[in-house]
Each structure stands twice: as structure tokens, then as C-alpha cells.
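Working notes, beginning with the structure itself.
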Amino acid sequence: MIEIKTEKPVQVIDITQRVKDAVKESGVEKGICLVYTLHTTTGIVINEAESGLVQDLLRRISSLAPPGDGYFHDRIDDNAHAHLQAVLLGNSQTISIEEGSLMMGTWQRVLFLELDGPRRRNVILKIVPG
Ligand code: ZN
Numbered sequence: 141m142i143e144i145k146t147e148k149p150v151q152v153i154d155i156t157q158r159v160k161d162a163v164k165e166s167g168v169e170k171g172i173c174l175v176y177t178l179h180t181t182t183g184i185v186i187n188e189a190e191s192g193l194v195q196d197l198l199r200r201i202s203s204l205a206p207p208g209d210g211y212f213h214d215r216i217d218d219n220a221h222a223h224l225q226a227v228l229l230g231n232s233q234t235i236s237i238e239e240g241s242l243m244m245g246t247w248q249r250v251l252f253l254e255l256d257g258p259r260r261r262n263v264i265l266k267i268v269p270g
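When we follow our numbering, the leftmost residue of the sequence shown carries the number 141, and every step to the right adds one.
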């Protein structure tokens, strides 16, 4: 489990090193690692963490599901846009483990997206040999 305390309404947090550390600690040499967020207004993506691209991602996801667009859910919770953005992003990633390490490309990072913060968040890691 990774605990994340987000600090902004919308925020991208690079959790790659924490996932890598958990894989090392597990001792699993070959298998898969599931990274799964337990929340309905967060996302998990694998992509580049370059600051301009992160801004582009947030801007685009906001334009696809902008706040206050007449959503039914806003009648009770006022955060329908964050749920919809989370659906578009997805809530998990599965990464192959080879020789005790995550198989990731040079520029690939595991990114946690807060879409309705700030809050305390939990991300499950399931490291499975095979
Ligand atoms: Zn809601």
C-alpha cells in the first residue's frame, strides 16, 4: 500500500520510485505488479513526467470533462467532473517484473493523478510471482 497526501485540487504525483522499492522489497524476480487506486476521483497512468506534458495532460483531461457542465451527480457531490476524468484515465496499471525490476521504458513513469483534492489517498500494490 502506498499512502499519498495530496496538496492541491488537481495534482500529478510520480510514484515510480515507491513502486520500484516495493518490488525490490518483495523479492519477486519475475511476475507482475498491479498498481491500483482505491478511489473514484483519482487515476493511475504510465507516461512521461516532463513538466510541460503533465500540464498538457491536466489541461486536456479538464477540457474533456470540465467542472460544472450540468452533471446530475453535482446535485449531491459537486465533483462529477473528477469522477468522469478518473474514468477516462483508468484506475490501475499492470507492469511486468523481470530480474527483480519493473520493466519500464526510459521515459515511462507511474503517475498518480489527484482530481478532487486535497485528500488522503491509498494505492494498492499487488506483486505476484509468475
Ligand atoms: Zn462524487
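For every residue, glycine included, the Cβ atom is placed at its ideal position computed from N, Cα and C.
From a predicted model like this one, the values you see are computed outputs, not experimental measurements.
Query, Result
"Same chain, Cβ closer than 6 Å to Gln248, five either side skipped, listed in chain order", "Ile186"
"C-alpha gap between Ile108 and Val268, whole angstroms", "The question about residue 108 has no answer, for the chain in this structure spans 141 to 270."
"Entirely enclosed alpha helix (DSSP H) segments - the stretch 214-255, minimum 4 residues", "220-229"
"Inter-residue Cα distance where the pair is Gln233 and Ile216", "30 Å"
"N- and C-terminal bounds of the beta strand (DSSP E) containing Ile155", "Counting along the chain, Ile155 falls outside any beta strand (DSSP E), and DSSP gives it neither H nor E."
"Alpha-carbon to alpha-carbon, Lys266 and Gly135", "Here the chain comprises residues numbered 141 to 270, so residue 135 is not present and cannot be evaluated."
"Secondary structure of Val145, DSSP reduced to three states", "According to the sequence as given, residue 145 is Lys; it is not Val. Three-state result, Lys145: strand."
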